[in-house]
Structure formats: structure tokens, C-alpha cells
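Asks: Here it is, the structure, as C-alpha cells.
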Amino acid sequence: MRIEIPREVERLGAVRFYGLQKVLELDSGLKGDVTPEPGTGIQQLPYEALYETGKQMAIVIPVRNERLRLIEGVLAGIPHQCLTIMVSNSPREPIDRFSMEKEALENFFQFVNKKALIVHQKDPGLAESFRKVNYTSMLNDKGQVRDGKAEGMVIGTLLASMAGKKYVGFVDGDNYFPGAVEEYVREYATGFNISQSSYAMVRVAWHSKPKIVASKLLFRKWGRTSANTNNLLNQLISHYTGFETEIIKTGNAGEHALTIDLALQLDYSTGYSVEPYHIINLLEKYGGIGKSHLQELKGQSIEVYQIESRNPHLHETGDKDHIKEMSYIAMQAIYHSPICPDELKKDIFNKMVRQKLLSNDRKPPKPHIIKPLCTIDLANLRDYLNSTLFARSQKMGFPTLSECLLN
Ligand code: GDD
Ligand code: MG
Numbered sequence: 064m065r066i067e068i069p070r071e072v073e074r075l076g077a078v079r080f081y082g083l084q085k086v087l088e089l090d091s092g093l094k095g096d097v098t099p100e101p102g103t104g105i106q107q108l109p110y111e112a113l114y115e116t117g118k119q120m121a122i123v124i125p126v127r128n129e130r131l132r133l134i135e136g137v138l139a140g141i142p143h144q145c146l147t148i149m150v151s152n153s154p155r156e157p158i159d160r161f162s163m164e165k166e167a168l169e170n171f172f173q174f175v176n177k178k179a180l181i182v183h184q185k186d187p188g189l190a191e192s193f194r195k196v197n198y199t200s201m202l203n204d205k206g207q208v209r210d211g212k213a214e215g216m217v218i219g220t221l222l223a224s225m226a227g228k229k230y231v232g233f234v235d236g237d238n239y240f241p242g243a244v245e246e247y248v249r250e251y252a253t254g255f256n257i258s259q260s261s262y263a264m265v266r267v268a269w270h271s272k273p274k275i276v277a278s279k280l281l282f283r284k285w286g287r288t289s290a291n292t293n294n295l296l297n298q299l300i301s302h303y304t305g306f307e308t309e310i311i312k313t314g315n316a317g318e319h320a321l322t323i324d325l326a327l328q329l330d331y332s333t334g335y336s337v338e339p340y341h342i343i344n345l346l347e348k349y350g351g352i353g354k355s356h357l358q359e360l361k362g363q364s365i366e367v368y369q370i371e372s373r374n375p376h377l378h379e380t381g382d383k384d385h386i387k388e389m390s391y392i393a394m395q396a397i398y399h400s401p402i403c404p405d406e407l408k409k410d411i412f413n414k415m416v417r418q419k420l421l422s423n424d425r426k427p428p429k430p431h432i433i434k435p436l437c438t439i440d441l442a443n444l445r446d447y448l449n450s451t452l453f454a455r456s457q458k459m460g461f462p463t464l465s466e467c468l469l470n
């Protein structure tokens, strides 16, 4: 991949937010083909380097009730060298959607001769294992694993870490373009290759999102939700640096990846608030603002890369209420952060009232926060998972998770 070197950076404590990087070439050739051009502001990552990083990466697909044809396309877009993990929260009755997903996955991986993992979020073995290690922030009041995309992502991260992977990336299961999925994974690998730290995050900003407007295809750049979330996160950063900034372009980036070292340290905010909350939680813990967690980083910084993809992003369109809800929960996550200044709180509150998301006399609800995976005993959890969830699978062979197809 040939890509711009980021020109801007915002530094807060140990966190570095890098400015948006544009991709010049999706594939810049092999090692020998790459001629360094100092001073051009362009960086080249040879194919071999990205391939090697891919071998250490798990790609998690969170799925709830998506069309199988779309999921199959997403599977086809994930490079062969990556481990694929599907975490499903699809209904099991009246029609067992999960069985259908499992079957599709098994067929696909038989053809491509590769192993993958699939797990259901509501598998009682998962909930039981979480309970045993006191990981109750993942459970609802019925003792089941909670619904939500973030919750699925935590499970995926856990499996990636148990499979011995160094990186975990996320792609939605409703993407129409397998080529876009492949590009996102390349961009994750690119960010990790550029990074100097074991605590890195790569967030993809879509080049465009095609929409039909007045019978014509319009390649829109920013949705209203993204523009709003980015703006509020930038205001939060500006408050602490004293300089206005537009650095954050990926406040809602569903397509993102983390080093496992970083993924294990972060708190996760429920459902669709997970992506903006990553930025907030980084600032809370490592931004030199709140209670410092800097000792966890062993002297390293946290590097956040934002890469603009080339493929248009086309996925299943949610209805207006779904989009409103997503924007609302992002605002709630910022509002309730202990580092959110009063003026910004007031702005957010007024916005919620203006958009009729909240009445004047109410306080915004607080999103549920899931504790970091590093706070639980992962060795114990692995044992419990072995005797519950994974024991049911004949093909299961811990610790080489990548050797097996689950369930
Ligand atoms: N495992 C699991 N559990 N997966 C879920 C759940 C759940 O409870 N809920 C949704 N998913 C899956 C969906 O099936 C899809 O593959 C992915 O998570 C994203 O959910 P969508 O419902 O398609 O979200 P969206 O398209 O409105 O929003 C996406 O883009 C936003 C940025 O514009 C998401 O990735 C958001 O998180 C992101 O902020
Ligand atoms: Mg979607």
C-alpha cells in the first residue's frame, strides 16, 4: 500500500491522534519493487509486510440477523492469512438463523481450506464462564450475555487473544462489497506496520457512502451522525489543548482494528456507542486528564491512525430511528464522561432536546460500560470456556483456536 504520512497530530498525555491519511495505491508491490522516496510525504508498505501482519490478525464479524449472501461476500473479502471469527447474536427461533450462518461458514471454509471460529453471543457456556470469573458487566439481569455490537466485539477480542493473535480488526457483516472488506483489512495492516507502539488503533474513514438521491447515485462524504459525533469529540479535545481541532474524522468508525495489548486495556461502551467511546476512554485513561493509567503502557504511547478508504462503503441501510438512536448514544457516551467539560455537556444536552431525543426535564441515560478484559483472570476463563462452550466441539483443540471450527 502506498499511503500519505500523517501531517497533523494531536498529543494528549500518552495518546497520539494522527490526521487522516489518504491511500494512493492499494497495492504498492513487493519489497524489491518499492523505491523509497524521501521527502515526498508518502510511505510505501510492501505486500510481504502486510501479509505477515495479516497472519497475526483476527478479523471479527459481529452479526445479528444479516442476509447470508452479504455475510458470504464479507467472508470472501477477508484475506486468507487472517483468522476469521464470527460472533452472532441472530435469533435461534422460530427459524434458527445461527445454524444457517454456521452452515454457510462451514461450507465456505471447507472450499477455501481454512479454519474459522463461530460463536453465538447467547451461548449459555459463555455466560456461565463470564459469571465464574466475575465478568458481570457482560451480563444482563437474566444472567445472559447482553445484546449489542460492542458485547459481540468483546467476545471476538477475547477469542482473538486466546488464539494467540497480536491484532484484532472488525468488519460489519452487512457490507455489500467484498473488495471494500479486503481494503479495510489492508489498511489495518498498514496502520500496524507504520506504528511504533504495541498500543495502536487503526480507524477507517470511508471515502464515500453511495446513496440514491433524485434517481441519481450520489457519493456522499459525511453522514449527519458522523459529522455530529466527530464535531463533539473534536470539541472535547480542543477543550484540553486550548486549540480548535478537526483531527477526529472517525468518531463512529465501525471498521477499526486494535493491537490486542490495547484492546485488553480499554473499557467498552455498550452497543453502537463503542466507537466514539474508544476515543473518550483513551483520553480518560491515558490523556493525562483523569486518573492516570500510564503505568500500564510501560513507557509507550498510544497511536491512533485514521485511514481514508478508496472503496465506497455500501451496507444495509438502517431506518431513521436506528440512525437517530446511534447518534443519541454517541452523545450520551460523551456527555457522561467524567472529563466532559460543563459547557460541552450543556451543548450536548441542548442538542438532544432540540432533536427531540430527550425532554427538557430529563437527564440523558448513561450507556452501560463493560470492564476491560485485562481485569479478569483470562487463564481461568479459558479453562471455563474449555469445559463449557468449547467442550461441545469435537474439533476443538485449545490452545490452538485457529485449528478448530467451533460449535
Ligand atoms: N454480535 C452482534 N451482536 N452483532 C451485532 C449486534 C449484536 O447484538 N447488533 C448488530 N450487530 C452487527 C450487525 O449485524 C452488523 O454486522 C454490525 O454489527 C453493525 O450493525 P448495523 O446495525 O449494521 O450498524 P449500522 O450499519 O447502523 O452502523 C455501523 O456503522 C456505524 C458507522 O456509521 C456500525 O458499525 C456502527 O457501530 C458504526 O458506528
Ligand atoms: Mg450496517
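For the sequence shown, position 227 (counting from the first letter as 1) is numbered 290 according to our numbering, and the numbering increases by one without interruption.
All C-beta atoms, glycine included, are put in the ideal place defined by N, C-alpha and C.
(1) Taking a contact to mean a Cβ-Cβ separation below 8 Å, would you say Met389 touches Lys414 in this structure?
(2) In the DSSP output, which residue or residues are listed as bridge partners for Leu296?
(3) Would you mind giving the Cβ-Cβ distance between Asn443 and Val208, rounded to the nearest angstrom? I have them listed as a contact below 8 Å.
(4) Got a list of residues with beta-carbon closer than 6 Å to any non-hydrogen atom of ligand 2, in chain order?
(5) Tell me where the alpha helix (DSSP H) around Lys118 begins and ends.
(6) Assess contact between the region 259 to 266 and the region 362 to 376, defined as three or more Cβ pairs (one per stretch) separated by less than 8 Å. Is contact present?
(7) Take the Cβ of Lys458 as the centre, count every other Cβ of all protein chains shown within 10 Å, and call the residue buried at 16 or more, exposed below.
(8) Report whether the distance from the Cβ of Glu73 to the nearest heavy atom of ligand 1 is below 7 Å.
(9) Considering only the beta carbon of each residue, do Tyr398 and Lys408 sit closer than 8 Å?
(10) Suppose you measure from the CA of Glu129 to the CA of Asp237; what does that come to, to the nearest Å?
(11) Determine, using beta carbons only, whether Gly353 and Ile402 come nearer to each other than 8 Å.
(12) Using 8 Å as the threshold, is the C-beta distance between Ser301 and Lys284 below it?
(13) Which residue from Gln418, Ser355, Glu371 puts its Cα closest to that of Asp471?
(14) In whole angstroms, give me the CA-to-CA distance for Gly95 and Ser151.
(15) Under 8 Å, do Met120 and Gly219 count as touching if we go by C-beta distance?
(16) For the beta strand (DSSP E) containing Arg266, name the first residue and the last one.
(17) Should the region 329 to 339 be regarded as contacting the region 430 to 448, the criterion being three or more beta carbon pairs within less than 8 Å?
(18) So, for Asp210: in the same chain, excluding its five sequence neighbours on each side, which residues have a beta-carbon less than 7 Å away from its beta-carbon?
(19) If I'm right that Pro125 touches Gly215 with Cβ under 8 Å, what's the distance once you round it to whole angstroms?
(20) If you draw a straight line from the C-alpha of Thr147 to the C-alpha of Ile105, how long is it?
(21) Within the present structure, is the beta-carbon of Asp324 separated from the nearest heavy atom of ligand 1 by less than 7 Å?
(22) Compute the Euclidean distance between the alpha carbons of Leu448 and Phe174, then round it to the nearest angstrom.
(23) For Phe172, report the span of its alpha helix (DSSP H) as first-last.
(24) Roughly how many angstroms separate the alpha carbons of Asp405 and Ile439, rounded to a whole number?
(25) Are there 16 or more other CB atoms within 10 angstroms of the CB of Arg132, so buried, or fewer, so exposed?
(26) Considering only C-alpha positions, which residue in the set Pro428, His143, Tyr114, Gly188 is nearest to Gly254?
(27) Hey, Asp90 and Leu452: beta-carbon distance below 8 Å or not?
(28) Do Phe172 and Lys178 have their beta-carbon atoms positioned less than 8 Å apart in this structure?
(29) Excluding the 5 residues flanking Ala77 on each side, which residues of the same chain have their C-beta closer than 6 Å to its C-beta?
(30) Hey, quick one: how far does the beta strand (DSSP E) through Gln84 stretch, first residue to last?
(31) Is there at least one non-hydrogen atom of ligand 1 closer than 7 Å to the beta-carbon of Glu129?
(32) Can you tell me which of the three DSSP states Ile397 falls into?
(33) With DSSP collapsed to three states, give me the class of Gln106.
(34) Can you name, in chain order, every residue of its own chain whose Cβ lies under 6 Å from the Cβ of Gly92, other than the five neighbours on each side?
(35) Whole angstroms is fine: what's the gap from Gly314's alpha carbon to Asp382's?
(36) Assuming Val337 and Ala213 make a contact with CB atoms under 8 Å, what is their CB distance in whole Å?
Replies: Looking at the coordinates:
(1) Against the sequence shown, residue 389 aligns to sequence position 326. Against the sequence shown, residue 414 aligns to sequence position 351. Cβ atoms of Met389 and Lys414: not closer than 8 Å.
(2) Your numbering for residue 296 matches position 233 in the sequence shown. Per DSSP, none; premise fails for Leu296.
(3) Here the question's residue 443 lines up with position 380 in the sequence shown. Here the question's residue 208 lines up with position 145 in the sequence shown. Contact between Asn443 and Val208 does not hold, since their C-beta atoms are separated by about 18 Å, which reaches or exceeds 8 Å.
(4) After applying the 6 Å Cβ criterion, the set is Asp235, Asp237, His378, Glu379.
(5) Numbered from 1 along the sequence shown, position 55 holds the residue referred to as residue 118. Unbroken alpha helix (DSSP H) run through Lys118: 110 to 118.
(6) By the C-beta criterion, the region 259 to 266 is judged to be in contact with the region 362 to 376, since at least 3 inter-stretch pairs fall below 8 Å.
(7) Indexing the sequence shown from 1 puts residue 458 at position 395. Only weak support exists for where Lys458 lies, its pLDDT of 44 falling under 50; the value from the coordinates is given anyway. Taking all protein chains in view, the Cβ of Lys458 is surrounded by fewer than 16 other Cβ atoms within 10 Å, so the residue is classified as exposed.
(8) Taking the first residue of the sequence shown as position 1, residue 73 is located at position 10. Residue side-chain check: Glu73 keeps its Cβ at 7 Å or more from all non-hydrogen atoms of ligand 1.
(9) Start at 1 with the first residue of the sequence shown, and residue 398 comes out as number 335. Start at 1 with the first residue of the sequence shown, and residue 408 comes out as number 345. Contact: yes.
(10) Against the sequence shown, residue 129 aligns to sequence position 66. Against the sequence shown, residue 237 aligns to sequence position 174. Taken atom to atom, the span from the alpha-carbon of Glu129 to that of Asp237 is near 6 Å.
(11) The residue you call residue 353 lines up with position 290 of the sequence shown. The residue you call residue 402 lines up with position 339 of the sequence shown. Contact flag set, yes.
(12) Here residue 301 refers to the residue found at position 238 of the sequence shown. Here residue 284 refers to the residue found at position 221 of the sequence shown. The Cβ atoms of Ser301 and Lys284 lie no closer than 8 Å to each other.
(13) Any property of residue 471 remains undetermined from this structure, which presents the chain solely from 64 to 470.
(14) Locating residue 95 in the sequence shown gives position 32, where the first residue counts as 1. Locating residue 151 in the sequence shown gives position 88, where the first residue counts as 1. Annotation: Gly95 to Ser151 spans about 42 Å, alpha carbon to alpha carbon.
(15) To locate residue 120, count along the sequence shown from 1; it is residue 57. To locate residue 219, count along the sequence shown from 1; it is residue 156. No, Cβ-Cβ distance for Met120 and Gly219 is not below 8 Å.
(16) For the purposes of this step, residue 266 is taken as residue 203 along the sequence shown, with counting starting at 1. For Arg266, the enclosing beta strand (DSSP E) stretches over residues 262 to 268.
(17) Yes, they touch.
(18) Your numbering for residue 210 matches position 147 in the sequence shown. In chain order, Asn152 place their CB closer than 7 Å to the CB of Asp210, counting only its own chain and leaving out the 5 sequence neighbours on each side.
(19) For the purposes of this step, residue 125 is taken as the residue at position 62 of the sequence shown. For the purposes of this step, residue 215 is taken as the residue at position 152 of the sequence shown. Correct: roughly 4 Å between the Cβ atoms.
(20) The residue labelled residue 147 in the question sits at position 84 within the sequence shown. The residue labelled residue 105 in the question sits at position 42 within the sequence shown. Distance between the alpha carbons of Thr147 and Ile105 is about 31 Å.
(21) Your numbering for residue 324 matches position 261 in the sequence shown. The answer is no for Asp324.
(22) Here residue 448 refers to the residue found at position 385 when the sequence shown is read from its first residue. Here residue 174 refers to the residue found at position 111 when the sequence shown is read from its first residue. Their backbone Cα atoms lie some 28 Å apart in a straight line.
(23) What you label residue 172 is simply residue 109 of the sequence shown in a count that begins at 1. Start and end: 160 to 174.
(24) For this step, residue 405 is matched to residue 342 along the sequence shown. For this step, residue 439 is matched to residue 376 along the sequence shown. Roughly 34 Å separates the two Cα atoms.
(25) Taking the first residue of the sequence shown as 1, we reach residue 132 at position 69. Arg132 comes out exposed.
(26) The residue you call residue 254 lines up with position 191 of the sequence shown. Check the Cα spacing between Gly254 and each of Pro428, His143, Tyr114, Gly188: the tightest is with Tyr114.
(27) Position 27 of the sequence shown, counting from 1, holds the residue named residue 90. Position 389 of the sequence shown, counting from 1, holds the residue named residue 452. No Cβ-Cβ contact shorter than 8 Å links Asp90 with Leu452.
(28) In the sequence shown, the residue the question calls residue 178 occupies position 115. In the sequence shown, the residue the question calls residue 172 occupies position 109. Judged by their CB atoms, Lys178 and Phe172 are nearer to each other than the 8 Å cut-off.
(29) Within the sequence shown, the letter at position 14 stands for residue 77. Excluding residues within five positions, the ones whose Cβ falls inside 6 Å are Tyr349, Leu357, Leu360, Ser364, Ile365.
(30) Along the sequence shown, one-based indexing puts residue 84 at 21. Unbroken beta strand (DSSP E) run through Gln84: 78 to 88.
(31) Numbered from its first residue, the sequence shown carries residue 129 at position 66. Checking every heavy atom of ligand 1 against the Cβ of Glu129, one is found closer than 7 Å.
(32) Here residue 397 refers to the residue found at position 334 when the sequence shown is read from its first residue. In this structure, Ile397 counts as helix in the three-state DSSP scheme.
(33) Indexing the sequence shown from 1 puts residue 106 at position 43. Strand, per DSSP.
(34) Residue mapping note: residue 92 aligns to position 29 of the sequence shown, counting from 1. So no residue of the chain qualifies.
(35) Position 251 of the sequence shown holds residue 314. Position 319 of the sequence shown holds residue 382. Looking at the two C-alpha atoms, the distance is approximately 20 Å.
(36) Here residue 337 refers to the residue found at position 274 when the sequence shown is read from its first residue. Here residue 213 refers to the residue found at position 150 when the sequence shown is read from its first residue. Cβ-Cβ separation between Val337 and Ala213: approximately 4 Å, consistent with a contact (criterion under 8 Å).
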